[in-house]
Amino acid sequence: MAESMLILRMCSIISVLGFSEAKMEIITSKADVLLGENAMLLCKAGGEGDITWQKDGEDAEDDQVEKVDETSSKLFIRNAKIEDAGRYTCLCEFDTGHRDYVSYAIFVYEPPSFGQTPTNHEFLEGQDVVITCVVTGKPAVEVNWERDHQKLHSDAGRITRLKDNSLQINNISRKDRGSYTCEAKIKDRPIFKKLNISISVNVPPTVKIHEEVKKVMAGPETNVSLSCLVEGVPQPNIIWTIPDSSDESRYKYNSDKSELIISSVVRSDYGEYICTAKNKIAESSAMIMLDVSEHPVAVLSQEKMKVEPGQTLSVSCNVSGHPIPALQWVRKINNDHLLTVDTGGGRVRMEDGYVLVVDNVTSSDGGLYSCMAISPAGNASTDFSLQTWPGKASQVSGTPGPTSVHFTLGASLVDGGSPITHFTLQWKTGRENNWQERVIQSTGKYLALSDQSIS
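Just so we're aligned: the sequence shown equals residues -22 to -1, 1 to 433 in mature numbering (1 follows the signal peptide of the UniProt record, and there is no 0).
Rendered as structure tokens:
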């Protein structure tokens, strides 16, 4: 009898030890169940017994439970609803009389959705703007904003988050353009969704120029560059308006037309050049005044005239250039001295502002006259040669020699505006009625004649 009791006690101990090693567990594919989906929980008791299910302390519906065998049971969640979320408990009353349980939390959610939230926005620089993020989802959804992978915090600064989760940007600028991310996350769960929102900031065009007035001198070697600095978003197109009188065939532009290059500048390029920048927001213009000067030019009606003494000389000079040059006639007395021709009523005068007049021409009037064009752009001159008869020789003295006579001019001879090439010497004896003559080449102040017939 005692032996039988010992065996029974040992079996009980073995049974208890065996049960203590048994481990209950609930196996499922996921703890987070999407609204409308099906889920299954498998409870393994680790030993034989009666298995039941509860949800949040209440017995589960019979149609949810399916017995697998004496050691396991299934619970089904079909077409999951938000109210199906909770703590599911598997209880087992083992055949040994021992009771145990294991629990598992199921989370049912409706995924975050952004509905009709706009993903592209265009704003004008300087505006106060609101970027919406309309989010739905169950249970509670948390909304966060990011830019360049950095979280945007709600504060009292220029960028703030409103109570409806919209993002407000005050005085938006071009540096605010780019991609923003609205993140919707189910509270306390690793369930989230992100929406990228693109922000474009448009800026009206502005045009800046370095020089309002550009001054150049016309000439085949003169090239001028007109530049305008243009800003705006979207990038503005540039249009140049040029004077009607200009020849556009000599014009070149750089790739974006912000620079206009004019080669071989001429006077007709003078005028207003308007640089206009235009985008879909607005347009803006700036004007550059191209002031083209021309070097003065003086043109004579004749460059040389031969006039007999006593006659009247008249020669005109036309000047051109920009600014319009002043005209002046001067008499070149020698290389170091200029004598201005007056506009009064003298014998040598300037008439009508451009005509040189010399009345009753004399030998002393011969020589060079210069028509001068004078302006801020420079000076130009051209010479006119008046040629007339030379003056008469005076103060002539002769010194006889053995075979020749040396004649000396005691006073300078007026050449009449051109070099004296020769003299004609005439003589006769006291009793002769006819004069004899001989041409003598000019050698300056002295004349020499070797002739036995002169006495």
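For every residue, glycine included, the Cβ atom is placed at its ideal position computed from N, Cα and C.
Given a cut-off of 8 Å on the beta-carbon distance, is the pair residue i and residue j in contact?
i, j, result
"G35", "M2", "no"
"Y66", "L140", "no"
"F385", "G376", "yes"
"A276", "M350", "yes"
"A212", "N257", "The residue you asked about is not Ala; residue 212 is Pro in the sequence shown. Closer than 8 Å, so yes."
"H297", "Q280", "Here residue 297 is Val; the residue named in the question, His, does not match the sequence. No. Outside cutoff."
"N201", "I240", "yes"
"V339", "V285", "yes"
"S242", "R228", "yes"
"H300", "A355", "yes"
"K163", "V112", "no"
Can you tell me whether residue i is buried or exposed? The criterion is at least 16 other CB atoms within 10 Å of its CB, across all chains shown.
i, result
"T366", "buried"
"Y424", "A caution first: Y424 carries a pLDDT of 49, below 50, which makes its placement in the model unreliable, though a value can still be read off. Exposed, because fewer than 16 other Cβ atoms sit within 10 Å of the Cβ of Y424."
"L(-15)", "Confidence at L(-15) is low in this model, with a pLDDT of 37, below 50, so its placement is unreliable and no value can be given for it."
"I60", "exposed"
"W31", "buried"
"A(-21)", "Note on A(-21): pLDDT 42, under 50, position unreliable in the model; the coordinate value appears next. Flag for A(-21) reads exposed."
"P198", "exposed"
"residue 437", "It is not possible to answer for residue 437, since the shown part of the chain is limited to -22 through 433."
"A304", "exposed"
"L207", "exposed"
"G288", "exposed"
What are the boundary residues of the beta strand (DSSP E) that includes residue i?
i, result
"T49", "No beta strand (DSSP E) holds T49; DSSP gives it neither H nor E."
"V333", "V333 to V336"
"Q373", "Counting along the chain, Q373 falls outside any beta strand (DSSP E), and DSSP gives it neither H nor E."
"L391", "Per DSSP, L391 belongs to no beta strand (DSSP E) and is neither H nor E."
"K1", "Per DSSP, K1 belongs to no beta strand (DSSP E) and is neither H nor E."
"V191", "V191 to M195"
"D28", "G27 to K33"
"T184", "F170 to I187"
Measuring alpha carbon to alpha carbon, tell me which residue in the options is nearest residue i.
i, options, result
"V122", "E103, T138 and R309", "Note on identity: in this sequence residue 122 is Asn, with Val being the wrong assignment. It is T138 whose Cα lies nearest to the Cα of N122."
"D330", "N338, Q306 and K59", "Q306"
"D154", "L130, R416 and K192", "L130"
"I311", "G135, G395 and V113", "G395"
"D269", "E189, D41, S81 and D142", "E189"
"P117", "Q414, P354, S341 and P89", "P89"
"S420", "F401, C253, E410 and S353", "F401"
"N57", "A17, I217, I302 and E161", "A17"
"S372", "T110, L387 and T360", "L387"
"L317", "L346, S341 and H300", "L346"
"S271", "L13, I216, C160 and G249", "G249"
"G64", "R77, A83 and K22", "A83"
"I55", "D47, G75 and D10", "D10"
"V191", "K33, I216, V335 and L204", "L204"
"T159", "F170, I150 and D166", "F170"
"L291", "H273, D343, T321 and V374", "D343"
"G104", "E124, K186 and N149", "N149"
"D78", "S236, K22, Y332 and D126", "K22"
So that I know if they touch, is there some Cβ in chain D lying closer than 8 Å to that of residue i?
i, result
"A304", "The question asks about chain D, but that chain is absent: this structure has only one protein chain."
**Prompt:** Mind pulling the beta strand (DSSP E) runs of 3 or more residues that sit fully within the region 77 to 126?
**Reply:** 77 to 91, 98 to 102, 107 to 109, 114 to 116 and 119 to 125
**Length-filtered (3 minimum) beta strand (DSSP E) runs lying within the region 334 to 368** = Entirely contained in the region 334 to 368, the beta strand (DSSP E) runs reaching 3 residues are, in chain order, 345 to 353 and 356 to 365.
**Message:** Which complete beta strand (DSSP E) runs does the region 238 to 304 hold, if anything under 3 residues is left out?
**Reply:** 249 to 256, 261 to 278, 282 to 284 and 291 to 300
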